[in-house]
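Residues in the sequence shown are numbered consecutively from 1, following the UniProt record's numbering.
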Amino acid sequence: MSISRSICVYCGSRPGVRASYTESARATGKMLAARGWQLVYGAGDVGLMGEVARTAQAAGGRTFGVIPEHLFPHEVGKRDLSTFVVTETMHERKKVMFMNADAVVVLPGGAGSLDELFEVLTWRQIGLHEKPIFVLNIEGYWTPLLNMIAHIIAEGFADASLADMVVAVDSVAELETSLVAALA
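This is the structure in C-alpha cells:
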C-alpha cells in the first residue's frame, strides 16, 4: 500500500477515565489505516498511544513511531512498527514526528500532549509551517483549552487568527472529513 499522507497523532500515554477516549483512539487508528494514511506517533504501547497504533496495525496501516531513549521503559517502546526511531531527547522526538507528517491530530492527553500541541501551534503562529492542526474534542475534553485560546486572544496576547489555527472536531467521522478537505 502506498502512503499518500502521514498524520501525526499526539495523545495520552494513559487511557484516561472515559471509555470514549479509548474508543476514539481505536477509531482514529482504523480510519487512518482505511485511508492509507501512515500514523506518526510517539512509539509507545501504552494508553491511547498504544490503542491508536495497535488498531492501525490490525487494520493493515503503516506506523511510524518515535521515542526518546529515556521514555522507552515508561512508554513501553513498540518495536513492531513499520518504522521505529529512537532519539536522544524529547525535542528530537517532536521534530522527527512533525517533519514526517502532513497534519497534526491531538486526542485527549496530558502535559506531554499539550507540550506537543503548543510547540506546533507556536511554529504555525510564527510562520514556520501551514500544516493543519486538529483537536479531537471527545466529550468536550479540549473545550477548556479552546476557551483558554479565546481568552488569550481576548486579552490581547495573540491575534484572532490563532483561533483558526486549531480546528476542533467532535468525532472521528468529522476528523476524517476535515482531514480529507485540509489535505486535498
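Even for Gly, the Cβ is constructed at its ideal location relative to N, Cα and C. The structure presented is a predicted model; accordingly, all values stated were derived computationally and were not measured.
Inset, instruction - Identify whether P73 lies in helix, strand or coil by the three-state DSSP scheme. - result: P73 sits in a helix when the DSSP states are folded into three classes.
Inset, instruction - Return the chain-ordered ranges of every beta strand (DSSP E) run that is complete within the region 103-161 and spans a minimum of 3 residues. - result: Contiguous beta strand (DSSP E) elements confined to the region 103-161 occur at 103-106 and 133-136, taking only those with 3 or more residues.
Inset, instruction - Below 6 Å CB to CB, which residues in the same chain sit around residue 240 once its five sequence neighbours on both sides are set aside? - result: Outside the modelled stretch of the chain, which goes from 1 to 184, sits residue 240, for which no answer is possible.
Legend entry - C-alpha distance - L145 paired with I133, whole-angstrom precision: 14 Å
Legend entry - Buried/exposed call for L39, threshold 16 Cβ in 10 Å: buried
Inset, instruction - Report buried or exposed for D45, applying the criterion of at least 16 other Cβ atoms within 10 angstroms of its Cβ. - result: Buried, since its Cβ has 16 or more Cβ neighbours within 10 Å.
Inset, instruction - Can you tell me which of W142, K30, G42 and C11 puts its alpha carbon nearest to the alpha carbon of A168? - result: Shortest Cα-Cα distance from A168 to any of W142, K30, G42 and C11 involves W142.
Legend entry - Length of the line joining the Cα atoms of L183 and F72: 32 Å
Inset, instruction - Note down the Cα distance separating S178 from R124, rounded to an integer number of angstroms. - result: Here the alpha carbons of R124 and S178 stand approximately 18 Å from one another.
Legend entry - Euclidean distance between Cα positions of L121 and I149: 11 Å
Legend entry - M1 burial status per 10 Å Cβ neighbour count (16 or more: buried): Here the model assigns M1 a pLDDT of 42, short of 50, so the residue's position is not dependable and the matter cannot be decided.
Inset, instruction - Determine, using beta carbons only, whether L107 and A33 come nearer to each other than 9 Å. - result: no
Inset, instruction - Identify whether S2 lies in helix, strand or coil by the three-state DSSP scheme. - result: Residue placement at S2 is poorly supported in this model, since its pLDDT is 46, which falls under 50; the coordinates still yield a value, given next. Reduced to three states, the DSSP call for S2 is coil.
Inset, instruction - Could you tell me whether any non-hydrogen atom of the ligand MN is closer than 8 Å to the CB of E69? - result: Of the ligands one can find in the structure shown there are none, so the ligand MN has no counterpart to examine.
Legend entry - Inter-residue Cα distance where the pair is G36 and M99: C-alpha separation (whole angstroms): 19 Å.
Legend entry - Meets three-Cβ-pair contact criterion under 8 Å: the region 58-71 and the region 81-98: yes
Legend entry - Status (buried if at least 16 other CB within 10 Å, exposed otherwise) for R18: exposed
Inset, instruction - Pick out whichever of G12, R14, Y41 and A27 has its Cα sitting closest to the Cα of S6. - result: Between S6 and the set G12, R14, Y41 and A27, the nearest pair of CA atoms involves Y41.
Legend entry - Among M31, Y21 and E130, nearest to E176 - alpha-carbon criterion: M31
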